[in-house]
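Reviewing the structure listed below.
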Amino acid sequence: MLSGHAFSRALRAHFLSSAALISVLMDTTVTLDGVDKSHLENLHRTFLNHGRNAADVAEDEYIKQLSHTVSQLLDHAASQSRTGKLWVQYIRQVALLQRFIRAERTGDWELHLSCVREMVPHFHAAGHLHYAKSARLYWQQMESLEEIMPTEEYSLFTEKGYFTIRRQDSFWNENFSDQTIEQFLMKNFKVSGGIMTHFMFAGTNKTVLDRYMRLAIPNDESHATYVWVDGTGENLRSKTRKLHFVPKTPGEVPEWSFDGSTTGQAEGSNSDVYLRPVAIYRDPFRLVEDKLVLCETFRHNKKPTETNHRRQCLDVMTWAANTRPWFGMEQEYILLDTDNHPLGWPKNGFPGPMSPYYSCGVGANKVYGRDVVEAHYRACFYAGINISGENAESMPAQWEFQVGPCKGISIGDDLWMARYLLHRVAEDFSVVVTLDPKPVPGNWNGSSMHTNFSTKEMREANGIVEIEKAIEKLSKVHEEHIKVYDPKGGKDNERRLTGNRTSTIHDFSTGVANRGCSIRIPRGVAEERTGYLEDRRPSSNADPYRVSERLEDIDKAVAAARAAFSSSAPWRTMDASQRAALMHKVPFLLTGKGGWSSLSGKGRGPSDCNNYRGIPAQRTRQGACPSIADTDSHHLVKHQRPQQSGFTPVIFAESLEVLVMALEVLHEEGKPSGLEVSWLKTKVQVFGDLLDEAVQSVHACGEEH
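Taking mature numbering (1 follows the signal peptide of the UniProt record, and there is no 0), I'd label the letters of the sequence shown as residues -31 to -1, 1 to 674.
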């Protein structure tokens, strides 16, 4: 704004023109009788030799007398004709600019603000409303700077001239730049609506807001912002409440409710929808001890809402915990102006054709919105989200961030909260974020959520064999997965998966280092024969819970076990294949969560297990894993409401079945692992007697539970 060759050339032209006009006026209309010209010459010589600074020269009595005479001359000339008035206005505008430059070069804060105030009416008169409004806003906020700035810093800023880069007294001080104006106006306002938007909505200006955000709050109180997925399955909502304590876990945060009729999750006649906290994060906006709380949503009857896919995902992750699944998701998105035009794009056209020119690009002519991206990255890091990177994508204004590797259910929790932070951070910059997988039609890149997946066996030596097995299974359920890989049952992906730089939605494909296929095996994985696979089909607005659940649930044994327990037959009537499917889970039950320590009654198992004796559960990000040995089994089946525990009857019945079979197999094979055989017989009898009742309970409750 105040630097560069063009600016310097313009200044010289205006200064010379103004000096020429003043010279002509003075030569033709006035003589400087009574003025000591030799004194003026001495002043001029001293100034050029740096003997006196500009401020001292301006305060000289002879200069003041001369300035008064010139001012009278200009007033007289302006009254003679319209042309004279025009030229006088021009001369005075140039003089204002000269004073402004002097303030910048000498670090004179008072003169600086005075000049800005004088500029406002000139901007209005010239029709430069953006400059007029921004200058006024700048001037008002700079005058209140002392109230919000530390005393020492304010002194350096105003008295020492730290608002500019150059602060020497010498007038001829090379190029200079006003950092305050350039950063405050040009950088922060270079967004949709420009300077005018920020003036019209000055109440949302962050400098003003910061004054209130600095106010202290009591140490024993905090704020919790509840965040949840609304009825669209892709948008997020939030609301905040005060707590009289600082929560450390989601189980400490009280449940809440909201009007589901306004979010597409309930009817107006019965609109209360419950919020159940499941994951907790630090709040990067309010700081201190405030929290962001991710929540599941439940209808009035305590059943999950249609877009609460975390419930089912948690069930799958709990049962598949022995496979130790890891996930990493690459969330692509596009930044828009508030008029829904891609950020930085020409308003009446398109940027240069898409090419490697933009992907991972650097430079103002290649990427747009980096401030939003960097702010979001830091906010996620502060919040406690496992964010692992970010980069510019193939289309201008398109970006990507990566979350992971995460274990189990945490991938969905972290990604949803990262999306929330992305929208909130962009809001501060007056920028819109779209997760639409194809917001710009034509030969422009779409947005996806590439998902990297591995199990313990895939990460071990020669894990490529397990990766290839998983890909084979994925190929057989391609259509089923496409239906859940966007919130509209595949309709969004129809616009993106066209075969142009992507796979086609109709066919399943795989390849090494091939980004145009459904499932990609990275080059390094193929060479090292261990690692992970990448599913490139999920759209950018897909639900991470549904995607991760489907990838983990591809094992036929898991599907068979689920099918077995949807029948009415108890375990004694199951055929060999059904029993084999159940036994697939035995290693997890005997060595993982709920293992021998729990079965023997010697330990409660993981610290995040629910208490099945009626005490309210403490929910953690990973959810619940019951410790059956500590529980009166009759009490559990007959009296414990599954909605309170967060552990469904279906899962309980399945765990009961597997435990019974595991105990019997171990007993028959004579491998009690140090336990008394009599204890085994007793437990088998207890569980066996309860089994039929448990299965009947499942069907009485219904599969939707």
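A virtual CB, placed ideally from N, CA and C, is assigned to each residue, including glycine.
Note that the structure is predicted; figures quoted are calculated from it, not measured.
### Message
Between the region 410 to 423 and the region 288 to 302, can you find at least three pairs of beta-carbon atoms closer than 8 Å?
### Response
yes
### Query
Rounded to a whole number of angstroms, what is the C-alpha to C-alpha distance between D497 and T292?
Within the sequence shown, numbered from 1, the residue matching residue 497 stands at position 528. Within the sequence shown, numbered from 1, the residue matching residue 292 stands at position 323. As written in the sequence, residue 497 is Glu, which differs from the Asp given in the question. Rounded to whole angstroms, E497 to T292 spans 21 Å at the Cα level.
### Message
Could you check whether D259 and H192 sit closer than 8 Å to each other, using their CB atoms as the reference points?
### Response
One-based indexing of the sequence shown puts residue 192 at position 223. One-based indexing of the sequence shown puts residue 259 at position 290. Taking 8 Å as the Cβ cut-off, H192 and D259 qualify as a contacting pair.
### Task
Verify whether the separation of the beta carbon atoms of I378 and L283 is less than 8 Å.
Within the sequence shown, the letter at position 409 stands for residue 378. Within the sequence shown, the letter at position 314 stands for residue 283. Yes, these two residues count as a Cβ contact at 8 Å.
### Message
Quick check on this structure: which residue in I451, G411, G432, P491 has the alpha carbon closest to the alpha carbon of D476?
### Response
In the sequence shown, residue 476 corresponds to position 507, counting from 1. Of the listed residues, the one whose Cα sits closest to D476 is I451.
### Query
Exposed or buried, which one is P442 when buried takes at least 16 other CB atoms within 10 Å?
In the sequence shown, residue 442 corresponds to position 473, counting from 1. It is Lys, not Pro, that sits at residue 442 in the sequence shown. When all chains shown are included, K442 counts as exposed.
### Task
Count the other CB atoms, across all protein chains shown, that sit within 10 Å of the CB of V319; report buried if there are 16 or more and exposed otherwise.
Working through the sequence shown from its first residue, we reach residue 319 at position 350. What sits at residue 319 in the sequence shown is Phe, not Val. Exposed.
### Query
Are at least three pairs of beta-carbons, each pair with one atom in the region 419 to 436 and one in the region 479 to 499, less than 8 Å apart?
Output reads yes: the region 479 to 499 touches the region 419 to 436.
### Task
Name the residue from N510, D522, V481, S509 whose alpha carbon lies nearest to the alpha carbon of E503.
Here the question's residue 503 lines up with position 534 in the sequence shown. Nearest C-alpha to E503: V481.
### Query
Are the beta-carbon atoms of G233 and D189 separated by less than 8 Å?
Start at 1 with the first residue of the sequence shown, and residue 233 comes out as number 264. Start at 1 with the first residue of the sequence shown, and residue 189 comes out as number 220. No, they are not a contact pair.
### Query
Residues in its own chain within less than 8 Å of Y250 by CB, not counting five upstream and five downstream?
In the sequence shown, counting from the first residue as 1, residue 250 sits at position 281. K260, L261, V262, L263, A352, G353, I354, M386, listed in sequence order.
### Task
Enumerate, from N- to C-terminal direction, the unbroken alpha helix (DSSP H) stretches of 4 or more residues contained entirely within the region 59 to 112.
Those alpha helix (DSSP H) runs which fall completely within the region 59 to 112 and span 4+ residues are 78 to 94, 98 to 112.
### Task
Give the straight-line distance between the Cα atoms of S207 and A344, rounded to the nearest whole angstrom.
Position 238 of the sequence shown holds residue 207. Position 375 of the sequence shown holds residue 344. Rounded to whole angstroms, S207 to A344 spans 20 Å at the Cα level.
### Task
Spell out the partners DSSP gives T420 in its beta bridges.
On the sequence shown, residue 420 is found 451 positions in, with the first residue counted as 1. Looking at the DSSP assignment, T420 forms a beta bridge with M298, D504.
### Proximity below 8 Å, CB of Y107 to CB of V85
Working through the sequence shown from its first residue, we reach residue 107 at position 138. Working through the sequence shown from its first residue, we reach residue 85 at position 116. Cβ atoms of Y107 and V85: closer than 8 Å.
### Query
Going straight from the alpha carbon of G332 to that of S226, what length do you get?
To locate residue 332, count along the sequence shown from 1; it is residue 363. To locate residue 226, count along the sequence shown from 1; it is residue 257. Going by the C-alpha atoms only, they are around 46 Å apart.
### Task
Report yes if the C-beta distance between S399 and A361 is below 8 Å; otherwise report no.
As a working mapping, residue 399 is identified with position 430 in the sequence shown. As a working mapping, residue 361 is identified with position 392 in the sequence shown. No, these two residues do not count as a Cβ contact at 8 Å.
### Query
Apart from the five residues just before and just after L43, which ones in its own chain have a Cβ nearer than 6 Å to its Cβ?
Taking the first residue of the sequence shown as 1, we reach residue 43 at position 74. Correct list, in chain order: V57.
### Task
Would you mind sorting Y514 into buried or exposed? The rule is 16 or more other CB atoms within 10 Å of its CB.
Here the question's residue 514 lines up with position 545 in the sequence shown. Result: buried.
### Task
With DSSP as the reference, please indicate the residues paired to S191 in a beta bridge.
In the sequence shown, counting from the first residue as 1, residue 191 sits at position 222. Note: S191 sits in a beta bridge opposite L212.
### Message
As an exercise, report each continuous alpha helix (DSSP H) stretch of at least 4 residues that is fully enclosed by the region 381 to 442, in chain order.
### Response
425 to 428
### Message
Assuming I490 and I436 are in contact, meaning their beta carbons sit under 8 Å apart, how far apart are those beta carbons, in whole angstroms?
### Response
Start at 1 with the first residue of the sequence shown, and residue 490 comes out as number 521. Start at 1 with the first residue of the sequence shown, and residue 436 comes out as number 467. Yes, I490 and I436 are in contact; Cβ-Cβ is about 7 Å, under 8 Å.
### Message
For I474 and P408, which I take to be in contact (beta-carbon distance under 8 Å), what is that distance rounded to the nearest angstrom?
### Response
What you label residue 474 is simply residue 505 of the sequence shown in a count that begins at 1. What you label residue 408 is simply residue 439 of the sequence shown in a count that begins at 1. Contact flag wrong, Cβ pair sits at about 18 Å.
### Task
From the DSSP output, in three-state form, read off E496 for me.
Mapped onto the sequence shown, residue 496 falls at position 527. Helix, per DSSP.
### Task
Could you say which of Q67, K54, L125, D252 lies nearest to S(-24) if we only look at CA atoms?
Along the sequence shown, one-based indexing puts residue -24 at 8. Of the candidates Q67, K54, L125, D252, Q67 places its Cα closest to the Cα of S(-24).
### Query
Less than 8 Å separating the beta-carbons of D455 and P410?
To locate residue 455, count along the sequence shown from 1; it is residue 486. To locate residue 410, count along the sequence shown from 1; it is residue 441. No.
### Message
Would E265 and V247 qualify as a contact pair, given that the criterion is a beta-carbon distance under 8 Å?
### Response
On the sequence shown, position 296 is the one that residue 265 refers to. On the sequence shown, position 278 is the one that residue 247 refers to. The answer is yes: Cβ separation under 8 Å.
### Task
Go through its chain and collect everything with a Cβ distance to S50's Cβ below 8 Å, but skip five positions before and after it.
As a first step, residue 50 is located in the sequence shown; it is residue number 81 there, counting from the start. No residues qualify anywhere along the chain.
### Task
Below 6 Å CB to CB, which residues in the same chain sit around I117 once its five sequence neighbours on both sides are set aside?
As a working mapping, residue 117 is identified with position 148 in the sequence shown. Cβ within range, chain order: R180.
### Query
Are the beta-carbon atoms belonging to G321 and A366 less than 8 Å from one another?
If you number the sequence shown from 1, residue 321 lands on position 352. If you number the sequence shown from 1, residue 366 lands on position 397. No, the pair does not count as a contact, with Cβ atoms beyond the cut-off.
### Burial state of P219 (16 or more Cβ within 10 Å)
As a working note, residue 219 is residue 250 in the sequence shown. With 16 or more Cβ atoms within 10 Å of its Cβ, P219 is classed as buried.
### Task
Compute the beta-carbon to beta-carbon distance between A46 and G53, rounded to the nearest angstrom, for a pair I have assumed lies under 8 Å.
Taking the first residue of the sequence shown as 1, we reach residue 46 at position 77. Taking the first residue of the sequence shown as 1, we reach residue 53 at position 84. Cβ atoms of A46 and G53 come within 8 Å of each other, at about 4 Å.
### Which listed residue (S(-15), S478, E121) has its alpha carbon closest to that of S444
By one-based count along the sequence shown, residue 444 stands at place 475. Comparing Cα-Cα distances from S444 to each of S(-15), S478, E121, the minimum goes to S478.
### Query
Secondary structure at K54, three-state DSSP: helix, strand or coil?
Position 85 of the sequence shown, counted from the first residue, corresponds to residue 54. K54 falls in the helix class under three-state DSSP.
### Query
What separation, rounded to the nearest whole angstrom, lies between the Cα atoms of V336 and G313?
Start at 1 with the first residue of the sequence shown, and residue 336 comes out as number 367. Start at 1 with the first residue of the sequence shown, and residue 313 comes out as number 344. Each residue's Cα considered, the two are about 8 Å apart.
### Query
Going straight from the alpha carbon of A439 to that of S238, what length do you get?
Numbered from its first residue, the sequence shown carries residue 439 at position 470. Numbered from its first residue, the sequence shown carries residue 238 at position 269. Straight-line Cα distance between these residues: approximately 47 Å.
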